[in-house]
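Colleague: Input: one structure, supplied below.
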Amino acid sequence: MADLLEVRDLRTYFYTSQGVVKAVDGVSYDVRPGETVALVGESGCGKTMSALSVMRLVPKPQGAIVGGEILFHGRNLLTLDEEEMRRIRGAEIAMIFQEPMSSLNPVLTIGRQITETLEAHQTISKEEAGRRARELLHLVGIPDPARRLSEYPHQFSGGMRQRVMIAIALSCKPTLVLADEPTTALDVTIQAQILELMRDLTRKFGVALMIITHNLGVVARYADRVNVMYAGKIIESASAREIYQNPCHPYTLGLLRSVPRLDQPRRAKLDPIEGQPPDLWNLPAGCSFAPRCKFLVERCVQEAPLLRELENQHRSACWVAETLQQKTVLSS
Amino acid sequence: MPETHNSQLTTQSSMLVEVRGLKKFFPVYSGFFGQRVEGWVRAVDEVSFAICRGETLGLVGESGCGKTTTGRCVLQLDRPTAGEVWFNGQELARMTDAELRPLRRKMQVVFQDPYSSLNPRMTIGQIISEPILVHRISQNGGECRDRVDELLQVVGLNPLMAGRYPHEMSGGQRQRVGVARALALEPEFIVCDEPISALDVSIQAQIINLLEELQERFGLTYLFIAHDLSVVRHISDRIVVMYLGKVVEIADRQELYENPLHPYTKALLSAVPIPDPAVEAKRERIVLKGEIPSSLSPPRGCVFYRRCPIAVEECGQGIPELREVQPRHWAACIRI
Ligand SMILES: Nc1ncnc2c1ncn2[C@@H]1O[C@H](COP(=O)(O)OP(=O)(O)OP(=O)(O)O)[C@@H](O)[C@H]1O
Ligand SMILES: Nc1ncnc2c1ncn2[C@@H]1O[C@H](COP(=O)(O)OP(=O)(O)OP(=O)(O)O)[C@@H](O)[C@H]1O
Ligand SMILES: [Mg+2]
Ligand SMILES: [Mg+2]
Chain C
1 MADLLEVRDL RTYFYTSQGV VKAVDGVSYD VRPGETVALV GESGCGKTMS
51 ALSVMRLVPK PQGAIVGGEI LFHGRNLLTL DEEEMRRIRG AEIAMIFQEP
101 MSSLNPVLTI GRQITETLEA HQTISKEEAG RRARELLHLV GIPDPARRLS
151 EYPHQFSGGM RQRVMIAIAL SCKPTLVLAD EPTTALDVTI QAQILELMRD
201 LTRKFGVALM IITHNLGVVA RYADRVNVMY AGKIIESASA REIYQNPCHP
251 YTLGLLRSVP RLDQPRRAKL DPIEGQPPDL WNLPAGCSFA PRCKFLVERC
301 VQEAPLLREL ENQHRSACWV AETLQQKTVL SS
Chain R
333 MPETHNSQLT TQSSMLVEVR GLKKFFPVYS GFFGQRVEGW VRAVDEVSFA
383 ICRGETLGLV GESGCGKTTT GRCVLQLDRP TAGEVWFNGQ ELARMTDAEL
433 RPLRRKMQVV FQDPYSSLNP RMTIGQIISE PILVHRISQN GGECRDRVDE
483 LLQVVGLNPL MAGRYPHEMS GGQRQRVGVA RALALEPEFI VCDEPISALD
533 VSIQAQIINL LEELQERFGL TYLFIAHDLS VVRHISDRIV VMYLGKVVEI
583 ADRQELYENP LHPYTKALLS AVPIPDPAVE AKRERIVLKG EIPSSLSPPR
633 GCVFYRRCPI AVEECGQGIP ELREVQPRHW AACIRI
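Spelled out as structure tokens, the structure:
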């Protein structure tokens, strides 16, 4: 299948008084029509900036996309002018932002926020827009939509606000939705409601979804493929099953081993990743995970490993990926 | 009677903390100047539990169910509206602030947010030595500095970090400082209020291991508040599940996870995602309908009534009592 989104060697940098922050540093990934791809990694590794770059919404003036290509339906978004980009944003590619409270306008009714998006992208009458808004709220499971449309964001709970964000994202029937930590602020039972809803809707409408999260559990249930980021780079990429059964990067392996799992017997002691997350201002030469890595060899501190294909579309940026693979097979 | 289930769980001598019929209501004001009390948020409503010496009691439940308020009432940081809090055989809720002061040393807290809970204008050394100086534990400056060095080492930080400011440290390092500060007065009991929620996944296991090591080394007793049920299972001996200000289930760790009784506990456990697609594909999930009701106007009968998958009409009428369904396993549900 032809790819819907192909990101090639994307570089998004921030120029600050303390130096250049390479928030996204040579990232490549694709999203195929209708599939769910996860982007996983810890705080500050560049997940949000990877998605904002696709929307061309990187905060200016400190931030800028300094290299790479973003092909959407084969067209490089980085060459479009602002007017062309505005037509794509919200209509063909929609984004659900990290903080649902700050991305809804507090002084506009929920109804107005939905109809605004509709009217911006479609020639549609006021009545028609109102009717669509009601349909959308119903679709995302908000009871009594007609009354709810005239309410304000503060009258909605966190879970309901996130539903509204999903309704707005789907309003113009996009082919790609970028969801940045869509459930992080929510309780587990509400999180389950929202994720099941997103999965049903993406299946129903054939929408491709890129879901950004640091929760490996969420990914396991909902993603077809997973990209793991560390310090501005994708360091492992594979199908969800592969990533969990056969992790080929020490960081991924460390993450999977460090979290306690409800389905397994309780371990006496957790197995943490030692050391601290990297400082993007001051990355080491060589592999940026090297200072915390248990599988370190001399080459790791001299030369940064590139993402390379191991087998069946499983890619890893680690010099010792093959030996690691044998070790995990043996130990499991 | 709330007393019964505490005393059956533990013998008096091994009990360090006991909470009986704890209530904490917050007033809700209305009117333009907020002058009229319109109602009460029943943040904690008839909560009872006991914690044995050296034990970790996990406290779980969704946002707003009253976990933090319970912890604060136990420590008397918030004064309870009603109920008793016993610590080491002394009842705290009726004590004056002056009577409480010598006891405060023995009970400490580690907060959720390592970013806002440390004073940004103080160095790490000043932050840790503050309680030592206030309680006049050290005789002189040199002794105090030695104690700070020792505490930093205990939590796995380099003593040279004493000169740094909080913003110069990572989240995990700051949380270690929070733990060092709590340990400064050699407490017996620590309330850990979501101590790892704000940390990166890769750092969470470090802090959990640290808390466990310290417990073993100093014989600490923990009330561990969290919403991540996999972490709570790892660290707790017994677990209390709260919903909307009420305890709905109490059981030993293994019993609770292997044999949850209350429908809310079941839903909560099934909602925890497991990091393995092969397992997730086969897993049944109980997706609850509806939103968490507000504790301002809790439902008349069972607090879980409106979202409960097995509710019957009777559930909406009376408040179910917390009863011992199996030995050491308590649940508040009439359908069990
Ligand atoms: N306006 C800015 N100026 C300077 N640096 C920035 C700015 N915005 C982001 N950064 C840096 O860019 C890096 C990537 O940020 P990004 O928001 O993409 O992280 P993230 O992976 O989404 O993290 P989180 O999980 O915390 O949301 C971070 O290290 C951040 O400090
Ligand atoms: N000082 C206060 N004044 C008024 N209401 C309060 C106050 N503190 C807490 N509440 C209310 O009491 C209820 C319980 O709050 P609490 O902070 O104990 O919940 P929690 O279980 O710790 O939630 P979270 O998981 O979000 O930390 C909530 O409805 C909250 O809004
Ligand atoms: Mg982000
Ligand atoms: Mg709390």
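Chains C and R, in that order, give the protein sequences.
The working numbering puts the last residue of the first sequence at 332; the count rises by one with no breaks.
The working numbering puts the last residue of the second sequence at 668; the count rises by one with no breaks.
In this text, a Cβ means the ideal position worked out from N, Cα and C, and glycines have one as well.
Since we're looking at a predicted model, the values are computed, not measured.
Going by CA-CA distance only, name the one from R:Ala494, R:Arg437 and R:Gln485 that's closest to histidine 467 of chain R.
Modeller: Scanning R:Ala494, R:Arg437 and R:Gln485 for the CA closest to the CA of histidine 467 of chain R turns up R:Arg437.
Colleague: Tell me which residue opens and which closes the beta strand (DSSP E) that threonine 16 of chain C is part of.
Modeller: 5-16
Colleague: Residues of chain C with a CB under 9 Å from the CB of leucine 620 of chain R: which are they?
Modeller: By Cβ distance, chain C contributes Thr189, Ile190, Ala192 and Gln193.
Colleague: Please name the residues in the stretch 210-231 of chain C whose beta-carbon is closer than 9 Å to at least one beta-carbon of chain R, in chain order.
Modeller: His214, Asn215, Leu216, Gly217, Val218, Val219, Ala220, Arg221, Tyr222 and Ala223
Colleague: Tell me whether asparagine 76 of chain C sits in a helix, a strand or coil according to DSSP, three-state version.
Modeller: strand
Colleague: Quick one: what does DSSP say proline 609 of chain R is sitting in, helix, strand or coil?
Modeller: helix
Colleague: Got a sec? Which residues, its chain only, sit under 7 Å from lysine 399 of chain R by beta carbon, not counting five neighbours each side?
Modeller: Leu391, Gly393, Ile557 and Met574
Colleague: Does chain R have any CB closer than 8 Å to the CB of arginine 261 of chain C?
Modeller: yes
Colleague: According to the Cβ coordinates, are serine 380 of chain R and leucine 354 of chain R closer than 8 Å?
Modeller: yes
Colleague: Name the DSSP bridge partner or partners of aspartate 30 of chain C?
Modeller: C:Glu6
Colleague: Would you identify the three-state DSSP class for alanine 583 of chain R, choosing helix, strand or coil?
Modeller: strand
Colleague: For methionine 160 of chain C, which residues in chain D fall below 9 Å Cβ to Cβ?
Modeller: As a matter of chain content, chain D is missing from the structure shown, whose protein chains are C and R.
Colleague: Considering only residues of the same chain and omitting the five flanking positions on each side of histidine 138 of chain C, which have a CB-CB separation below 6 Å?
Modeller: Pro145
Colleague: Hey, is the stretch 524-535 of chain R in contact with the stretch 226-238 of chain C, meaning 3+ C-beta pairs nearer than 8 Å?
Modeller: no
Colleague: Suppose contacts are defined by Cβ-Cβ distances below 8 Å. Is alanine 179 of chain C in contact with valine 140 of chain C by that definition?
Modeller: no
Colleague: Measure from the C-beta of aspartate 271 of chain C to each C-beta in chain R and report whether the shortest distance is under 8 Å.
Modeller: yes
Colleague: Just to confirm my understanding: we take threonine 336 of chain R, look at its own chain, exclude 5 residues before and 5 after, and list those with CB closer than 7 Å. What are they?
Modeller: The pLDDT assigned to threonine 336 of chain R is 46, lower than 50, so where the model puts this residue is not dependable, and the model offers no usable value.
Colleague: I'd like to confirm the pairing. Which residues does DSSP put opposite tryptophan 418 of chain R in its beta bridges?
Modeller: R:Glu350 and R:Glu423
Colleague: Could you check whether isoleucine 65 of chain C and arginine 11 of chain C sit closer than 8 Å to each other, using their CB atoms as the reference points?
Modeller: yes
Colleague: Pick out whichever of R:Ile383, R:Leu555 and R:Ile539 has its Cα sitting closest to the Cα of leucine 270 of chain C.
Modeller: R:Ile539
Colleague: Would you say histidine 594 of chain R reaches chain C, if we count a Cβ-Cβ gap shorter than 8 Å as a contact?
Modeller: no
Colleague: For arginine 570 of chain R, collect the residues of the same chain with a Cβ closer than 6 Å to its Cβ; drop the 5 residues on either side in sequence, then sort them by chain order.
Modeller: Leu389 and Asp584
Colleague: Just mark asparagine 282 of chain C as buried or exposed, buried being the case when its beta carbon has 16 or more other beta carbons within 10 Å.
Modeller: exposed
Colleague: DSSP three-state call for glutamine 658 of chain R: helix, strand or coil?
Modeller: strand
Colleague: Going by the DSSP bridge assignment, what does tryptophan 372 of chain R pair with across the sheet?
Modeller: R:Pro359
Colleague: When DSSP labels each residue in this structure, what does glycine 457 of chain R get in the three-state scheme?
Modeller: helix
Colleague: List in chain order: all unbroken alpha helix (DSSP H) runs of 4+ residues lying wholly within the stretch 195-270 of chain C.
Modeller: 216-222, 240-245 and 250-258
Colleague: Which residue or residues does DSSP assign as beta-bridge partners of serine 316 of chain C?
Modeller: C:Glu236 and C:Arg308
Colleague: In this structure, how does DSSP classify threonine 402 of chain R when only helix, strand and coil are distinguished?
Modeller: Helix, per DSSP.
Colleague: I'd like to confirm something about glutamate 526 of chain R: is its beta-carbon nearer than 7 Å to some heavy atom of ligand 4, or not?
Modeller: yes
Colleague: Verify the CB distance criterion: does leucine 310 of chain C have a CB-CB separation below 8 Å to chain R?
Modeller: no
Colleague: Could you give the distance in angstroms between the alpha-carbon of glutamine 18 of chain C and the alpha-carbon of aspartate 25 of chain C?
Modeller: 18 Å
Colleague: Kindly indicate which three-state DSSP category leucine 407 of chain R falls into: helix, strand or coil?
Modeller: Leucine 407 of chain R: coil per DSSP, three-state reduction.
Colleague: Under 8 Å between C-beta atoms, does isoleucine 642 of chain R make it to chain C?
Modeller: The Cβ of isoleucine 642 of chain R sits no closer than 8 Å to any Cβ of chain C.
Colleague: Whose C-beta lies closer than 7 Å to the C-beta of alanine 231 of chain C among residues of the same chain, with five residues either side of it excluded?
Modeller: Excluding residues within five positions, the ones whose Cβ falls inside 7 Å are Cys45, Pro278, Leu280, Leu283 and Ser288.
Colleague: Which term fits histidine 214 of chain C, buried or exposed, when burial requires 16 or more other beta carbons within 10 angstroms of its beta carbon?
Modeller: buried
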